[in-house]
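In my numbering, the protein residues as written are 743 to 901.
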């Protein structure tokens, strides 16, 4: 039997929301490491899982009604792709995709004539977007939603 106040529950939705800003730095560091190929995609998948999980935390904690969050997500292409990535990463297949049940993540060479640099991209239906750009769009979505609902993350519970 667990303890009533577990650390992740104490942090609540605000803990997930505030830590979204940490992921770009983590991925930048990973990009510079010798383990880039192994770790970078894992970090992106973890980011998208966390970014979509904020929806559940806000709803379960009674901060925002789930249908209000779902309407906002349904109106945002980045978050619909985020939802599909999160759910397929968790469940292997999608039965109710937002965009495309058969999306794929691939490495794309940024400029094959100038360098051997590459980036991860997601191809979903008629979208082909760099995971970096998708991540930043998801962060912007949550910032705008938090502001629209006048929410104030409680930093004291994060420490």
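All C-beta atoms in this analysis are idealised placements derived from N, C-alpha and C, irrespective of residue type, glycine included.
All values reported here derive from a predicted model rather than from experimental measurement.
Just to confirm before moving on: does the CB-CB distance between residue i and residue j stay below 8 Å?
i: residue 891; j: residue 769; result: no
i: residue 799; j: residue 758; result: yes
i: residue 861; j: residue 872; result: yes
i: residue 826; j: residue 795; result: no
i: residue 888; j: residue 876; result: no
i: residue 823; j: residue 797; result: no
i: residue 776; j: residue 896; result: no
i: residue 811; j: residue 801; result: yes
i: residue 772; j: residue 789; result: no
For the alpha helix (DSSP H) that contains residue i, what are its first and last residues?
i: residue 866; result: Careful: residue 866 lies outside any alpha helix (DSSP H), inside the beta strand (DSSP E) at 860-866.
i: residue 771; result: 765-774
How should residue i be labelled, buried or exposed, when 16 other C-beta atoms within 10 angstroms of its C-beta is the threshold for buried?
i: residue 829; result: buried
i: residue 779; result: exposed
i: residue 782; result: buried
i: residue 753; result: buried
i: residue 792; result: buried
i: residue 840; result: buried
i: residue 870; result: exposed
i: residue 838; result: exposed
Which residue marks the beginning of the beta strand (DSSP E) containing residue i, and which one marks its end?
i: residue 805; result: Taken as a continuous stretch (DSSP letters only), residue 805 belongs to no beta strand (DSSP E), as it is neither H nor E.
i: residue 872; result: 869-872
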